[in-house]
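Undergrad: Residue numbers (this note's numbering): 13 to 357.
Glycine residues also receive a C-beta, built at the ideal position from the N, C-alpha and C atoms.
These numbers were taken from a predicted model, which means no experiment stands behind them.
Take a look at this one; I'll ask things after.
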């Protein structure tokens, strides 16, 4: 098949992480345009791939592409995503999908009406270590899982007035913006949640107007538990990005280990099995976000019409959990997470 012609809309930090790995999928995808209202940012991305033009208005290039990757501030996901879907383009949309449930539902409906792919860029689903951990849990290779814990410790400072510091433009705090990755993974690993709590604080991250540090505890059907600790205020770390799956025959540990502060593993992400004080390395891979795997999956869905692993309907479920957790935190109660439509997707 011919490579899918794509425009990258938004050329900030995460966009450059995507673009830096586009060379690995050049046989499947042609980056036609890099778009940013700040022209030097668009130029910087365009220079990474010869033949890519840099423009400041995405409307100029919609007729030239089949698909778009939207990497914009969260409050712009809905309006730009809607325009692109209504123009008949396939959309790979950075997480979180949008800042309200109604906006998410409108994006989903627009994609279904246009018969176009809408995929949310939960890149962690496509990390080889994370995907292998899912396979081992599902296969009960080390017995039944009863607890999954995830730590993501990094330092992410914002300048005054930055869109990331405001819950109005970010959509919430650290949990909504970054923790949505790990709520999504816990649902993927453990199934339907029953109840949960969230406690967040801006202490240590005074640049945030909502929480910069977040603790989530979830109970799942069958008594399984999930925990996520995330912070944008880490001045030091031992865990970096680490996942532990406690199973009845031992523990699986994923050392993802990248971020602003990271636990170095010689540039490697590792998956280990630990029992009785002994470690067995199950696999190693490059320590990166592996966005090229995400892009390959998106292209496959565009070309075959199959449903993405992280389609709009499944991505909405994790956001529903987060909104329920926020609401319960404000009320000082445990969140009832039953009946969110999780089993229907």
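Does any heavy atom of the ligand NAP sit closer than 7 Å to the C-beta of residue 345?
TA: What this structure holds is no ligand at all, so the ligand NAP is not there to describe.
Undergrad: With H, G and I counted as helix, E and B as strand and the rest as coil, what does DSSP make of residue 79?
TA: Sequence index remark: in the chain shown, residue 79 carries index 67 (1-based). Residue 79 falls in the strand class under three-state DSSP.
Undergrad: In the structure shown, what three-state DSSP assignment does residue 265 receive?
TA: Taking the chain shown and counting its residues from 1, the one referred to as residue 265 is at position 253. Strand at residue 265.
Undergrad: Can you check the segment 24-60 for any alpha helix (DSSP H) of at least 4 residues that lies completely inside it and give the ranges in chain order?
TA: 25-31 and 51-58
Undergrad: With a threshold of 8 Å, are at least 3 pairs of Cβ atoms found where one atom belongs to the segment 208-224 and the other to the segment 131-144?
TA: no
Undergrad: Which value, in whole angstroms, describes the spacing of the CA atoms of residue 176 and residue 288?
TA: Here residue 176 refers to the residue found at position 164 when the chain shown is read from its first residue. Here residue 288 refers to the residue found at position 276 when the chain shown is read from its first residue. For residue 176 and residue 288, the distance between alpha carbons rounds to 43 Å.
Undergrad: Just to confirm my understanding: we take residue 210, look at its own chain, exclude 5 residues before and 5 after, and list those with CB closer than 6 Å. What are they?
TA: To locate residue 210, count along the chain shown from 1; it is residue 198. Result list for residue 210: 228, 337 and 341, in chain order.
Undergrad: Quick check: what's the CA-CA separation for residue 244 versus residue 267?
TA: Your numbering for residue 244 matches position 232 in the chain shown. Your numbering for residue 267 matches position 255 in the chain shown. Looking at the backbone, the Cα of residue 244 and that of residue 267 are separated by about 19 Å.
Undergrad: Looking at the strands, I want to know which residues DSSP matches up with residue 259.
TA: For the purposes of this step, residue 259 is identified with residue 247 of the chain shown, where counting begins at 1. In the DSSP output, where bridge partners are listed per residue, residue 259 has 157 and 262.
Undergrad: Could you check what DSSP says for residue 312 in three-state terms: helix, strand or coil?
TA: For the purposes of this step, residue 312 is identified with residue 300 of the chain shown, where counting begins at 1. It is helical.
Undergrad: Determine, using beta carbons only, whether residue 279 and residue 298 come nearer to each other than 8 Å.
TA: Counting from 1 along the chain shown, the entry for residue 279 is found at position 267. Counting from 1 along the chain shown, the entry for residue 298 is found at position 286. In contact: residue 279 and residue 298 (Cβ atoms closer than 8 Å).
Undergrad: Quick check on the DSSP output: the beta strand (DSSP E) that includes residue 67 runs from which residue to which?
TA: For the purposes of this step, residue 67 is taken as residue 55 along the chain shown, with counting starting at 1. Counting along the chain, the beta strand (DSSP E) containing residue 67 begins and ends at 65-67.
Undergrad: Near residue 203, what residues of its chain come up, given a Cβ to Cβ distance below 7 Å and the 5 sequence neighbours on each side ignored?
TA: In the chain shown, counting from the first residue as 1, residue 203 sits at position 191. Hits under 7 Å: 232 and 233.
Undergrad: Let's test the definition: count the other Cβ atoms within 10 Å of the Cβ of residue 318 and tell me whether it reaches 16, buried, or not, exposed.
TA: Within the chain shown, residue 318 is the residue found at index 306, counting from 1. By the neighbour-count rule (16 or more Cβ atoms within 10 Å), residue 318 is not buried but exposed.
Undergrad: Alpha carbon to alpha carbon, how far is residue 98 from residue 147? Give it in angstroms, no decimals.
TA: Locating residue 147 in the chain shown gives position 135, where the first residue counts as 1. Locating residue 98 in the chain shown gives position 86, where the first residue counts as 1. One alpha carbon belongs to residue 147, the other to residue 98, and they sit about 37 Å apart.
Undergrad: Under a three-way DSSP split, which group does residue 288 fall into?
TA: Taking the chain shown and counting its residues from 1, one reaches residue 288 at position 276. Three-state result, residue 288: coil.
Undergrad: Just verifying my parser: in three-state terms, what is the DSSP assignment at residue 348?
TA: Here residue 348 refers to the residue found at position 336 when the chain shown is read from its first residue. If DSSP states are grouped into helix, strand and coil, residue 348 belongs with the strands.
Undergrad: Would the beta-carbon of residue 302 fall within 8 Å of that of residue 135?
TA: Position 290 of the chain shown, counted from the start, is the residue given in the question as residue 302. Position 123 of the chain shown, counted from the start, is the residue given in the question as residue 135. Contact: yes.
Undergrad: In terms of residues, what are the limits of the alpha helix (DSSP H) holding residue 326?
TA: As a position in the chain shown, residue 326 is number 314, starting the count at 1. That run of the alpha helix (DSSP H) goes 324-343.
Undergrad: Can you pull the DSSP bridge partners for residue 210?
TA: Taking the first residue of the chain shown as 1, we reach residue 210 at position 198. 228.
Undergrad: Contact check, residue 79 vs residue 65 under 8 Å by CB: the rounded distance?
TA: Along the chain shown, one-based indexing puts residue 79 at 67. Along the chain shown, one-based indexing puts residue 65 at 53. Residue 79 to residue 65, Cβ: 16 Å. No contact.
Undergrad: Using alpha carbons as the reference points, say which of 33, 335 and 283 lies closest to residue 149.
TA: Looking up residue 149 in the chain shown gives position 137. Checked all of 33, 335 and 283; the closest Cα to residue 149 is 283.
Undergrad: Could you give the residue range of the alpha helix (DSSP H) that holds residue 17?
TA: Reading the chain shown from its first residue, position 5 is the one you call residue 17. Secondary structure note for residue 17: it is in no alpha helix (DSSP H), and the uninterrupted beta strand (DSSP E) holding it is 16-21.
Undergrad: Given residue 193, which residues of its chain have a CB within under 7 Å of its CB, disregarding the five upstream and five downstream residues?
TA: Within the chain shown, residue 193 is the residue found at index 181, counting from 1. For residue 193, where only same-chain residues beyond five positions count, the Cβ hits under 7 Å are 107, 134 and 136.
Undergrad: Could you tell me the alpha carbon to alpha carbon distance between residue 200 and residue 94, rounded to whole angstroms?
TA: Numbered from its first residue, the chain shown carries residue 200 at position 188. Numbered from its first residue, the chain shown carries residue 94 at position 82. So the alpha carbons of these two residues sit roughly 27 Å apart.
Undergrad: I need the boundaries of the alpha helix (DSSP H) containing residue 201, first residue and last residue.
TA: Sequence index remark: in the chain shown, residue 201 carries index 189 (1-based). From DSSP, the alpha helix (DSSP H) with residue 201 extends over 192-202.
Undergrad: Would you say residue 159 lies against chain C (beta-carbon separation less than 8 Å)?
TA: Looking at the structure shown, chain C is missing, and only one protein chain is on hand.
Undergrad: Three or more beta-carbon pairs under 8 Å between the segment 109-125 and the segment 17-28, yes or no?
TA: no
Undergrad: Taking all protein chains shown into account, do 16 or more other C-beta atoms lie within 10 angstroms of the C-beta of residue 249, making it buried, or fewer, making it exposed?
TA: Mapped onto the chain shown, residue 249 falls at position 237. Flag for residue 249 reads buried.
Undergrad: Roughly how many whole angstroms lie between the Cα atoms of residue 70 and residue 50?
TA: By one-based count along the chain shown, residue 70 stands at place 58. By one-based count along the chain shown, residue 50 stands at place 38. Straight-line Cα distance between these residues: approximately 12 Å.
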